[in-house]
Structure formats: C-alpha cells, structure tokens
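Going by this note's numbering, the first residue of the sequence shown is number 464, and it counts up by one from there. To start, the structure itself, in structure tokens.
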Amino acid sequence: MSELFDAAFLNVHAMDSDAEFIPLITAEEEENINKQKFPTELPILPLRNNVLFPGVVIPITVGRDKSIKLIQEANKGNKIIGVVSQRDQDQESPEFNDLHEIGTVAQIIRLLKMPDGSSTVIIQGKRRFRITTPLQTEPYMRATVEILKETPVDKKDKELDVMFKTIKDLALQIIRDSPNIPSEAQFAIGNIDSPTFLVNFISSNMNADVSKKQQMLEEMDMKKRVLMVLEHLTMEVQLLEMRNEIQNKVKKDLDKQQRE
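So, in structure tokens, the structure goes:
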C-alpha cells in the first residue's frame, strides 16, 4: 500500500490535466449504483496486473488490438463493459479459461490518446459480476453475466463498525508515516463516508499482488473481506514501523560517527 498509494492517486491526475480532485464516491452515490440496472450481456476486457473494485476509478493502458476495438466501440455506445483479471498476467492473448470467473462492471469515464500513440482509458467500477456463458472471442470477448447482489452493511453491527474505523486509522497511519505518499491521499481517505467504498478503495490501492486482490474481490461476505484488509494493513504498518526504526538507527549512527 505504501508503495502503490502514490501511483494510484497520481496516475489519473497525470493523464487528465482537467482533474482537480481524487475521484471518490459518497454513500448516496454507492446506493444509487447498487440500485442501477446493468446489461446481462457485456463485452469483456481482460485486465493484467490489476483488479478493479466497485466504485474505484483506475486508468488502463490499452494496447492489444482486441482491447482497442472493444473500448472504441463501447465508448461510442453505452460505455458499459465487463473487466476481468487474467489468471496469468503474462498471457498475451487470453481466452475465457485464462480469466477469473468474477469481475467488475465498469463505466468508461474518459478515453485519452497518449503522446506515444497508445490509448489510456479511465474507468470506474460499478458492480461485481460472474461470467456465466462465453458468447464470442472475436473481434473481442463477449459473455452473458450474472450481476452479483451487494449485501448492505449492517449499521447495527458494532464490531463491523469498529473494524471500518480501524481500517481508516491504519490507512491514515501508513500515509502519515510514508513520505512518498501525497498529502491528497490523507484528505481522500479521511473524507470517505461509505464503509463499503472505503474497503474497496483500500483493497484497490494496497501493496498486494493480483491474486490477493482477486480474493478480496470475490469475497462477498463483508466481515470476512474486512478482516482480510485489516490483516494486510496491520502487516503493512508493522513493516513500515520496522523500516523507520532501522532508518532512524542508521541516521543516529552516522550522526555519531560524524561528531567523532
């Protein structure tokens, strides 16, 4: 997390000169997304080296011919696509059996042409889905999907409420103790008012591999997902504290040597 937070926040800004804020959603907007109807047939965009979570905005560099075709056509239409992470990140031409079963419905926010000639698409996750029936692989993947129901957070669950607050506190501690993370990150985390989006946002930006993030995406039990995030954040804090202690010790030793 401490390594990836800065990239997650700055990449969207670097690619969109008009951006003046870190894209977040409110609890009310999240509720509207959960009520929104999405197509049960979607073009499927394979995603390498990342996992998209509901509510979260990420930039994707589009290079493969199939992906370019898919994005261009979707951008002219309803801008709704299905995003699914690859099982093997090195697979250049993935088939359906190379993809995870569960992905995220996404909306195209903006399509950008980069100076090097490549395209970058900024997308926002909406809802989890499960691929049920592959329909086509040319000119790009298309499948029927089952939109998964999001379980509402039980506001009366005191234990879960404490867990959410602990996640936010740990995330803020990591940001404060990491000089490479921009100040906008602390402001953004502090202003998230949706517990579910907080978990999704942290899961997306934490320093974890794709398989770990995919496990979090697939976990529909909120309490289990929160525990997974808490476990990872706690480990991050411990590693960060250890690193800072080592750096402080080295600095003191150097200062002592210079005085001598």
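We treat Cβ as the ideally placed atom computed from N, Cα and C, and that holds for glycine. Given the structure is predicted, the values throughout are model-derived calculations rather than measurements.
- Closest by C-alpha distance to Asp553, out of Thr503, Leu575, Leu510 and Lys500, is Leu510.
- The straight-line gap separating the alpha-carbon atoms of Gly545 and Pro645 is approximately 31 Å.
- The residues Glu564, Ile565, Val608, Glu609 and Leu611, in chain order, have a CB closer than 7 Å to that of Arg593 in the same chain once the five nearest residues on each side in sequence are set aside.
- Per DSSP, reduced to three states, the secondary structure at Val519 is coil, with no helix or strand assignment.
- Take Lys618, set aside five residues on each side of it, and the residues of its chain with a beta-carbon closer than 8 Å to its own are Asp624, in chain order.
- Where Pro506 is concerned, the enclosing beta strand (DSSP E) starts and stops at Glu504 to Leu510.
- As the crow flies, the alpha-carbon of Ala490 is around 8 Å from that of Phe660.
- Note: Leu574 is bridge-paired with Val584 in the DSSP secondary-structure output.
- In the DSSP assignment, no residue is bridged to Ser530.
- Taking the Cα positions, Leu533 is about 11 Å away from Ile543.
- Shortest Cα-Cα distance from Pro578 to any of Thr524, Pro615 and Gly588 involves Thr524.
- Lys498 is classed as exposed because its beta carbon has fewer than 16 other beta carbons within 10 Å across all chains shown.
- Beta-bridge partners of Leu562 (DSSP): Gln549.
- When Cβ pairs closer than 8 Å are counted between the two stretches, the region 692-700 is seen not to touch the region 709-723, the count staying below three.
- In terms of Cα proximity to Val519, the closest of Arg591, Gly526, Lys539 and Lys628 is Arg591.
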